[in-house]
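Peer 1: Structure below; questions to follow.
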Amino acid sequence: MKKIFAISLITITLLSTGGCKKILDTKPQDFLSPDQFFTKPEDATAALGAAWQMLTKREMYGGYYQFRYETTDDAYTNLSAAFPANLGIPASDTQWATRWNYMYQTIQYINILLANLPRVPMDESQRGIIKGEGLFLRGFLYYEMVKEWGPIPMRLTPTTDATDVNLAATPIKDVYAQVLKDLTEAEALVPAATVSNYGGAGYAAKTTVQAILARVCLNMTGYPLNDVSKYQDVKNWTQKIIDSRLHSLNPDFIQVFKNYAAGIIDKKESLWEIDFNYVSGNSNPSGSIGFLDGIKNNNVPFGSSVGQYNVTRKLILAYGPFATAGTKDLRRDFTCAPFQWKGGPSAPNSDADIEANKVYWPSNMLYERYFAKFRLYWAPLPNAASQQSPINWPVVRYSDVLLMMAEAENYINGPTALAYSCINQVRERAWGKMLPGATNIAEADEPIGMTKDAFQQELQMERFRELAGEALRRQDLIRWGIFVPTIKALLSDITDPTAPAEGNRGGSSGQAYFAVQNLAKVTDRDLLWPYPTSELQYNKLLKQNPGW
């Protein structure tokens, strides 16, 4: 992705008149019409790269969406300020509008590219790949929008008239149909992950598209469409990935996240990640992964973090009975940091320096602990003092592919050997059973003989444990139809005065205090986000989502 991010957005601002006020107000000083711009292959490549670079905006996948826009039962924001994660924020808040605007701005870039690509003089195979990448990105973004906002205005051609702002929302089912159309066409056009710069932190490879297709279809099986026939499509797409033999689990769960921090691309585990790593020695200034959500710390060499994201007691206990030291699931103390930092050396020169600067939490303080998958002290040159981070964001990992297959197979055929194999691979890696010298591998496996319903419940918990804090939990809960009751149960857990190992929890001095104030607001309206008020002011055909 270094090549992608090196391309300036100046080359494409030209083309955008957009679909919202901010975009409509854009008046580039160096304006180029599409006729002037799309004259050679490099122009098409630059246009695609400019659209791809939009993903690095903080409100897109640079940190705000993941850690300020979502609160579930795995982790919560401790901020008192009004953020989308703090349920009850008004639709007039600008944060809704910023993500909405960036989504449509990126889609406008892609629509312009797709409209002009046929006339660019270039090799047909290259044209096909660029078209496939454009279709993939448009399909992915419309999927992200339909799961967040529900019915949305859907533009498939460039907006050329700045007054063309009135467009009714397309029904959810029809948006999904277009998403599947775009992604399916893209899957046939893009190259395999064996090709340089495709897959991992590069453009979408064939297995990347297949994984997103599986995710889209899995979401369609639950609320609001409840189209259970899509489980077969989930199985088909994940089977293609497995059969490709291009992907496998990294034997070391912790190494997966060290790689994201250090810019080490592991295409076997990581089917797609958003690249915030270094271009010409500098980190991309848009990334805040690890800065917003890391272990709170003002010591820059250890990775300066504002620590705005805390884990829940429920997540900690999901890995097994709590003890200060001791769980066979290696994910617990890595995902849920059992320590905070103290002052120390000016730089972490060794593992011993890092260990010496840890102060472990008392056993009665679980809601105080920070989400810790993304650790800046593993980054080559963390520049978090200026709120920057080079840590890449994982969009889809191979463990997710295995769990999607397990869920689909269980629904179709019950807990077969295939379903057990997929979930057990994830569990065995989590328990360190894929590391050299591991013994008694079977102790990590699920018990044989579970019913279909019991297997599904355990599958839900395994997704909870494996994918915690990776911005997938909210949509899982929504599609399973349990989002509101799950959040209400979490509120009861935080405020339960009889609960052990809780410390101050939701008290006025506790990290969970603001979560208590926010979670109490949850209703069915929170299954969808509100359309930004600024959008409603201009688009007279768009009506606000229920409850907002």
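For the sequence shown, full-length UniProt numbering assigns the number 1 to the initial residue and increments by one for each residue that follows. The beta-carbon is built from N, C-alpha and C at its ideal position, and this holds for glycine as well. None of these values were measured; they are calculated from a predicted model.
#1: With DSSP run on the structure shown, which of helix, strand or coil describes residue 516?
#2: Of the residues 118, 47 and 232, which one's Cα is nearest the Cα of residue 407?
#3: Taking DSSP as the reference, what is the three-state secondary structure of residue 272?
#4: Buried or exposed: residue 423, going by 16 or more other Cβ atoms within 10 Å of its Cβ?
#5: What do you reckon, are the CB atoms on residue 271 and residue 188 nearer than 8 Å?
#6: Quick check on residue 389: does DSSP put it in helix, strand or coil?
#7: Provide the residue span of the beta strand (DSSP E) that contains residue 47, from first to last.
#8: Do you know how far the Cα of residue 461 is from the Cα of residue 448?
#9: From the DSSP output, which residues share a beta bridge with residue 431?
#10: Report, in whole angstroms, the separation of the C-beta atoms of residue 115 and residue 158, which I expect to be a contact under 8 Å.
#11: Is it true that the CB of residue 168 sits closer than 8 Å to the CB of residue 542?
#12: Under DSSP, the alpha helix (DSSP H) around residue 77 begins and ends at which residues?
#13: Does residue 565 come out as helix, strand or coil in the three-state DSSP assignment?
#14: Quick check: the Cα distance between residue 26 and residue 105, rounded to an integer number of angstroms?
#15: Residue 358 by DSSP, collapsed to three states: which one?
#16: Compute the Euclidean distance between the alpha carbons of residue 316 and residue 340, then round it to the nearest angstrom.
#17: Would you grab the beta carbon distance between residue 243 and residue 374 for me? Rounded to a whole angstrom, and I think it's under 8 Å.
#18: If the criterion is Cβ atoms closer than 8 Å, does the pair residue 367 and residue 295 meet it?
#19: Any beta carbon from chain C within less than 8 Å of residue 213's own beta carbon?
#20: For residue 79, collect the residues of the same chain with a Cβ closer than 6 Å to its Cβ; drop the 5 residues on either side in sequence, then sort them by chain order.
#21: Taking the beta carbon of residue 207 as the centre, do at least 16 other beta carbons fall within 10 Å, making it buried, or is it exposed?
#22: Which ranges does the alpha helix (DSSP H) cover as unbroken runs of at least 4 residues, wholly within the UniProt domain "SusD-like N-terminal" (63 to 218), from first to last along the chain?
#23: Please determine, among 62, 202 and 132, the residue with the shortest C-alpha to C-alpha distance to residue 111.
#24: Under the assumption that residue 98 contacts residue 59 (Cβ atoms under 8 Å), give the Cβ distance between them as a whole number of angstroms.
#25: Measuring straight from C-alpha to C-alpha, what distance separates residue 429 and residue 251?
#26: Have a look at 68, 379, 481 and 425 and flag the residue whose alpha-carbon is nearest the alpha-carbon of residue 261.
#27: Residue 184: which of 164, 236, 200 and 155 sits nearest, CA to CA?
#28: Rounded to whole angstroms, what's the CA-CA distance from residue 246 to residue 198? Just pull it up for me.
#29: Over the uninterrupted alpha helix (DSSP H) stretch that includes residue 410, give me the two end residues.
#30: So, under 8 Å CB-CB, residue 172 and residue 135 are touching, yes? Tell me the CB distance rounded to an integer number of Å.
#31: Starting from residue 253, follow the alpha helix (DSSP H) in both directions and report where the run begins and ends.
#32: Need the endpoints of the beta strand (DSSP E) that residue 341 sits in, please.
#33: Flag this pair as yes or no: are the beta carbons of residue 91 and residue 70 separated by less than 8 Å?
#34: Only counting the same chain, and skipping five residues up and downstream in sequence, which positions put a Cβ closer than 6 Å to that of residue 550?
#35: So is residue 539 buried or exposed if we call it buried at 16+ other beta carbons inside 10 Å?
#36: Can you round the beta-carbon distance between residue 394 and residue 360 to whole angstroms, since I take them to be within the 8 Å contact cut?
Peer 2: Let me lay it out:
#1: Three-state result, residue 516: helix.
#2: Ranking the options by Cα distance to residue 407, first place goes to 232.
#3: For residue 272, the secondary structure class from DSSP, reduced to helix, strand or coil, is strand.
#4: With 16 or more other Cβ atoms within 10 Å, it is buried.
#5: Between residue 271 and residue 188, the C-beta spacing is not below 8 Å.
#6: Residue state, collapsed to three classes: coil.
#7: That residue, residue 47, is in no beta strand (DSSP E); its alpha helix (DSSP H) goes 41 to 53.
#8: Straight-line spacing of the CA atoms in residue 448 and residue 461 works out to 17 Å.
#9: Residue 431 has no beta-bridge partner at all, per DSSP.
#10: In this structure residue 115 is in contact with residue 158, their Cβ atoms being roughly 5 Å apart against a cut-off of 8 Å.
#11: Yes.
#12: Boundaries for residue 77: no alpha helix (DSSP H) harbours it, while the beta strand (DSSP E) harbouring it runs 75 to 77, taken from the DSSP string.
#13: Because residue 565 is not part of the residues shown, which for the chain are 1 to 548, the question remains open.
#14: Its pLDDT being 33, under 50, residue 26 is placed unreliably in this model, and the value from its coordinates should be taken loosely. So the alpha carbons of these two residues sit roughly 11 Å apart.
#15: In this structure, residue 358 counts as strand in the three-state DSSP scheme.
#16: The alpha-carbon atoms of residue 316 and residue 340 are separated by roughly 16 Å.
#17: Contact annotation, residue 243 with residue 374: C-beta distance approximately 31 Å; criterion of less than 8 Å not satisfied.
#18: Cβ atoms of residue 367 and residue 295: not closer than 8 Å.
#19: Here there is only one protein chain, and chain C is not present.
#20: Cβ within range, chain order: 308.
#21: Classification of residue 207: buried, given that the 10 Å Cβ count is 16 or more.
#22: For the UniProt domain "SusD-like N-terminal" (63 to 218), whole alpha helix (DSSP H) runs of length 4 or above, ordered along the chain, are 64 to 68, 94 to 116, 124 to 149 and 172 to 187.
#23: If we check each option's Cα against that of residue 111, 132 comes out closest.
#24: Correct: roughly 5 Å between the Cβ atoms.
#25: The straight-line gap from Cα to Cα measures roughly 6 Å.
#26: Closest option to residue 261, Cα to Cα, is 379.
#27: For the residues 164, 236, 200 and 155, the minimum Cα distance to residue 184 belongs to 236.
#28: Rounded to the nearest angstrom, the two C-alpha atoms are 13 Å apart.
#29: Boundaries of the alpha helix (DSSP H) around residue 410: 398 to 413.
#30: About 20 Å separates the CB atoms of residue 172 and residue 135; that is not less than 8 Å, and the two are not in contact.
#31: Unbroken alpha helix (DSSP H) run through residue 253: 253 to 262.
#32: Unbroken beta strand (DSSP E) run through residue 341: 339 to 341.
#33: Contact: no.
#34: In the structure displayed, the chain extends from 1 to 548; residue 550 sits before or after that span and is not available.
#35: Residue 539 is buried by the Cβ-count criterion.
#36: That pair is no contact at about 28 Å.
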